[in-house]
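Peer 1: Got a structure for you, written out below as structure tokens; questions coming shortly.
In the numbering used here, the protein residues as written are 16 to 442.
As structure tokens, this is what we get:
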């Protein structure tokens, strides 16, 4: 069967919102740039507090990483909580750990409040150790989170094999705070909620300029301009145009996924039978999850758009046969790629380059929960001016050097590793 180059989540979200293009002039309290999870979360929480809001999207709602990610509703960051507090200091680090540790609960509450149909499951996630070093890392993470009262548990032996569906994993950290969803459906649901609250959403209206005019901001597009007291720049890895320096504060990376057709082999029920999503501890990690219709979804770091479909199928076959050799006749249905905003230290950045203008970048692949939290935090900050609402303090914009070279080196390393997997040199 041919491998279709299309995003599965778009196909499984038939009720994607259709927002008009923006023309003319509009005056609002807050203009949000970017109709992804961060921007829409900000819009909802601003509207709930009585602000008038418009959201400008250069493409279509959910176009970027918000609608194309794995759909893991993760707690915390990639970096262990002790390292977060060591890097930021105890006061800031503990606040960041607390807010992102509670991030899945915020996602769940929005899904419940606005009745978002996004195939949400709340059974947690599994971080899987692929070797002894990975297991040691997970044991350390378990201890660190347990000291903070988090409901995490390291599964080993038969319990691990049963939870993951593979004997190739010796240990897996179960985080019961977390879950999975269809990210495009979640993003679309947030857009509908923002619209129902009175927000004005516009698609296909790329921002061409942003300038201060007196006490207000003028956000310019090809066919009009929005006047706003405050602006939220929430385009993250998909920031476009020369009108902002935000895109110079991260380097782009990519993540591709390959999805099977719904599995009919009864043995497929052994794969992640508890409904968790998972990823392994490899430096070039693999993610593994099932969707609501029983498909197997595999993903890894790298730009699938630059690889032939035969290569992606060979890679998916290799990972599937390594972890789940008992599956027979897996047919791969589609593949897609999303962009990630990376930072050298794997930490996000919040910016306030001018009064009334806030921005964020550097989610490093944890956009579902982090974007939801940051959107709410921005809304609270813009409404009351209290920086305590933010997960971390604002930082000065310091453009990274060699962003293009960094991206190329990362991509070359990912591709080399995947080629080694296909050739059975590594797994």
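Every residue gets a Cβ at the ideal spot worked out from N, C-alpha and C, and that includes glycine.
What do you get for residue 341, buried or exposed, if any count of 16 or more other CB atoms within 10 angstroms of its CB means buried?
Peer 2: Along the chain shown, read from residue 1 onward, the residue named residue 341 stands at position 326. The residue is exposed, with fewer than 16 neighbouring Cβ atoms inside 10 Å.
Peer 1: Which whole runs of the beta strand (DSSP E) in the region 33-102 are 3 residues long or more, in chain order?
Peer 2: The qualifying runs are 39-48 and 68-71.
Peer 1: Could you check where the beta strand (DSSP E) with residue 354 kicks off and where it finishes?
Peer 2: In the chain shown, the residue the question calls residue 354 occupies position 339. That run of the beta strand (DSSP E) goes 347-357.
Peer 1: Please state whether the Cβ-Cβ distance between residue 366 and residue 394 is less than 8 Å.
Peer 2: The residue labelled residue 366 in the question sits at position 351 within the chain shown. The residue labelled residue 394 in the question sits at position 379 within the chain shown. Cβ atoms of residue 366 and residue 394: not closer than 8 Å.
Peer 1: Please identify the residue among 165, 112, 68 and 181 whose C-alpha is closest to the C-alpha of residue 100.
Peer 2: In the chain shown, residue 100 corresponds to position 85, counting from 1. The option with the nearest alpha carbon to residue 100 is 112.
Peer 1: For residue 38, count the other beta carbons within 10 Å of its own beta carbon; 16 or more makes it buried, fewer makes it exposed. Which is it?
Peer 2: Counting from one through the chain shown, the residue named residue 38 turns up at place 23. Classification of residue 38: exposed, given that the 10 Å Cβ count is below 16.
Peer 1: Measuring alpha carbon to alpha carbon, tell me which residue in 414, 24, 208 and 359 is nearest residue 198.
Peer 2: Looking up residue 198 in the chain shown gives position 183. Checking every option, the nearest Cα to that of residue 198 belongs to 24.
Peer 1: What is the DSSP secondary structure of residue 162, reduced to helix, strand or coil?
Peer 2: As a first step, residue 162 must be located in the chain shown, where it is residue number 147. Three-state DSSP puts residue 162 in a helix.
Peer 1: So, do the region 263-275 and the region 93-108 have three or more beta carbon pairs nearer to each other than 8 Å?
Peer 2: No, the region 263-275 does not touch the region 93-108.
Peer 1: Quick one: any contact between the region 189-204 and the region 115-134, if contact means 3 or more CB pairs under 8 Å?
Peer 2: With a cut-off of 8 Å, the region 115-134 and the region 189-204 count as touching, because enough Cβ pairs lie within range.
Peer 1: Three or more C-beta pairs under 8 Å: does that hold for the region 379-394 against the region 49-60?
Peer 2: The region 379-394 is in contact with the region 49-60.
Peer 1: Can you tell me where the alpha helix (DSSP H) holding residue 24 begins and where it ends?
Peer 2: Counting from 1 along the chain shown, the entry for residue 24 is found at position 9. Its alpha helix (DSSP H) spans residues 23-26.
Peer 1: Which residue marks the beginning of the alpha helix (DSSP H) containing residue 330, and which one marks its end?
Peer 2: Walking along the chain shown from the start, residue 330 turns up at place 315. That run of the alpha helix (DSSP H) goes 324-338.
Peer 1: Taking DSSP's pairing of strands, which residues face residue 295 in a bridge?
Peer 2: Along the chain shown, read from residue 1 onward, the residue named residue 295 stands at position 280. Partner(s): 143.
Peer 1: Taking the continuous alpha helix (DSSP H) assigned at residue 429, which residues delimit it?
Peer 2: If you number the chain shown from 1, residue 429 lands on position 414. Where residue 429 is concerned, the enclosing alpha helix (DSSP H) stretches over 418-437.
Peer 1: Rounded to whole angstroms, how far is the Cβ of residue 398 from the Cβ of residue 66, which I believe are closer than 8 Å?
Peer 2: Position 383 of the chain shown holds residue 398. Position 51 of the chain shown holds residue 66. Confirmed, about 7 Å.
Peer 1: Could you give the first and the last residue of the continuous beta strand (DSSP E) run that contains residue 341?
Peer 2: Stepping through the chain shown from its first residue, residue 341 is reached at position 326. First-last for residue 341: undefined, no H or E at that position.
Peer 1: Since I believe residue 178 is in contact with residue 188 (beta carbons under 8 Å), could you give me their beta-carbon distance rounded to a whole number of angstroms?
Peer 2: For the purposes of this step, residue 188 is identified with residue 173 of the chain shown, where counting begins at 1. For the purposes of this step, residue 178 is identified with residue 163 of the chain shown, where counting begins at 1. About 11 Å separates the two Cβ atoms, so there is no contact after all.
Peer 1: Let me check understanding here. Comparing Cα to Cα, which of 375, 152 and 382 lies closest to residue 88?
Peer 2: As a first step, residue 88 must be located in the chain shown, where it is residue number 73. It is 382.
Peer 1: Excluding the five sequence neighbours on either side, which residues of its own chain have a C-beta within less than 7 Å of the C-beta of residue 226, listed in chain order?
Peer 2: Counted from its first residue, the chain shown places residue 226 at position 211. Same-chain partners within the cutoff: 233.
Peer 1: Compare the beta carbon distance of residue 62 and residue 261 with 8 Å and say whether it is the shorter of the two.
Peer 2: Taking the chain shown and counting its residues from 1, one reaches residue 62 at position 47. Taking the chain shown and counting its residues from 1, one reaches residue 261 at position 246. Cβ distance not < 8 Å, so residue 62 and residue 261 don't count as in contact.
Peer 1: Grab me the residues of residue 221's own chain with a C-beta within less than 6 Å of its C-beta, minus the 5 sequence neighbours each way, in chain order.
Peer 2: Along the chain shown, one-based indexing puts residue 221 at 206. Contacts found: 73.
Peer 1: On a Cα-Cα basis, can you pick out the residue from 263, 430, 332 and 205 that is closest to residue 415?
Peer 2: For the purposes of this step, residue 415 is taken as residue 400 along the chain shown, with counting starting at 1. The option with the nearest alpha carbon to residue 415 is 263.
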